[in-house]
Amino acid sequence: MKPNFLQTSLALALLAAVPARADQVIPDDLIVQGSICAGTDCVNNESFGFDTVRLKANDTRIKFEDTSVGTFPSNDWQLTANDTDSGGGGNYFAIDDITGAKTPLKIMAGAPSNSLHINASGLVGLGTAAPILNLHIKTGTSPAIRLEQDANGGFSPYTWDLGGNDAGFFIRDLTGGSNLPLRIRPGAPTSSIDIAADGKVGIGNTSPAASLHIRGSQGSSSLRIEDANATTAPRTLLALVNNGGVTASYSVAPGVAWETRADASSWTIAQAGAPGSGQFRLDDSGNLAISGTLSQGSSRTLKTDIRSVDRNALLDKVLALPLYAWRYKSAPVHERHLGPMAEDFHELFGTGSDPRRLAPSDVAGVALGALQALAGKVAERDTQIDAIKRRIEAIEARLAGSL
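As structure tokens, then:
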């Protein structure tokens, strides 16, 4: 019996010398009126400072493991501080969705103060502790928002930036070469661009009355379309397209407006509301009709290389000018005209810049010159006739005296 007693006593002594590490289960509330340190690196007489709860280890985590079953929410979450990689890793604080294997929130070490600040009103500040609006972004240079589409959704990656600085507000097409398709400069007036509820766009106008309505009160409202391409070439800079006639109105005063109208067969200039077909009408056959007088520039101040004209030579050429009755190829059968061919006129008189066209002033000038020459010849003939009459009268008088 004695040896067994000694062995038992020795075993109990050895067990008493080893600290007990058994789990403790407390089936009641646990109230600690001091601070708590949990972790393998906590020591006796830990200096807590103002800490109430401290986690002290090389892999600190707080895990929320939900044991709910059935239809109750049961997702597990975790608060994580830093990576545990022995070869180095990230220094951060994170909220992990353990069940979903995701990290929806991560704050990297070194993030500046007020990287995210939510005030008592729910306003969110990024870079500011005093947010003024629902989302307030503040930084020392060009605060911006990036909109980046990756390829995970099956679409091509593309990135846009929205930003603002002392040079203006802008939208940057980062993928497309960092172009800035939209810029708003500092000081731009209210409603520089204003889109109404019906889709009408106002420029300087809060109540646009048309699809595009430009309005200003500074005396400088204008519209300019400019193509700055270095290659000289004709270009269509303005196109008005309609399934029917097109009208452009020019209002110069209350109740006073002019219009240009285009339809399938003519182009017209008319005073708005005036009766008739307008003051100026050009049809698709090239016929031009005006309701007033045609006045061409003919002032001496507009002319140079002025020479006298041989009227008799003009008359001879007029007499040699062939005249025809004809109609234009584009005109209806009943519409006929009388006059010379432009080529014949140009060959005889050498006027104008195009042998296929006649200027009314040239035709009138030739006619006037020929008429003056003809009038001179008539006057000369009248003089000769008067002389003959006087001779006849003298002969008749002598004959009568001899009887």
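Numbering (this note's numbering), first residue to last: 858 to 1260.
We put the CB at the ideal spot given by N, CA and C, even for glycine.
Asked	Found
Taking the alpha helix (DSSP H) that L1094 belongs to, which residues open and close that run?	Here L1094 belongs to no alpha helix (DSSP H), and DSSP marks it neither H nor E.
Three or more beta-carbon pairs under 8 angstroms between the stretch 1054-1066 and the stretch 1025-1036, yes or no?	no
What is the DSSP secondary structure of V981, reduced to helix, strand or coil?	strand
I'd like to check one pair, L990 with I1002: are the Cβ atoms closer than 8 angstroms?	no
Residues bridged to R1003 by DSSP?	D1018
Taking the continuous alpha helix (DSSP H) assigned at P1217, which residues delimit it?	1217-1259
For T1032, which residues in the same chain have their Cβ closer than 6 angstroms to its Cβ, ignoring the five residues on either side in sequence?	Y1015, T1016
Just to confirm, is the Cβ distance from S1106 to A1114 under 8 angstroms?	yes
What's the gap between the Cα of D908 and the Cα of C894?	9 angstroms
Between which residues of its own chain and L992 is the CB-CB distance below 6 angstroms, once the five residues before and five after are set aside?	V981
Would you mind stating whether L936 and I955 have Cβ atoms separated by less than 8 angstroms?	no
Please name the residue or residues paired with S1123 in a DSSP beta bridge.	D1140
Measuring CB to CB, does A1199 end up less than 8 angstroms from L1178?	no
What residue from P961, N1022, G1010, K1234 has the CA that sits closest to N1169's CA?	K1234
To the nearest angstrom, how far is it from the Cα of A1129 to the Cα of R1072?	22 angstroms
Excluding the 5 residues flanking D898 on each side, which residues of the same chain have their C-beta closer than 6 angstroms to its C-beta?	K913, A914
Leaving out five residues before and five after Y949 in sequence, what residues of the same chain have Cβ atoms less than 7 angstroms from its Cβ?	N939, K963, I964, M965, A966
Just confirm the distance between the C-beta atoms of A1227 and V1175, as a whole number of angstroms; I'd bet it's less than 8 angstroms.	4 angstroms
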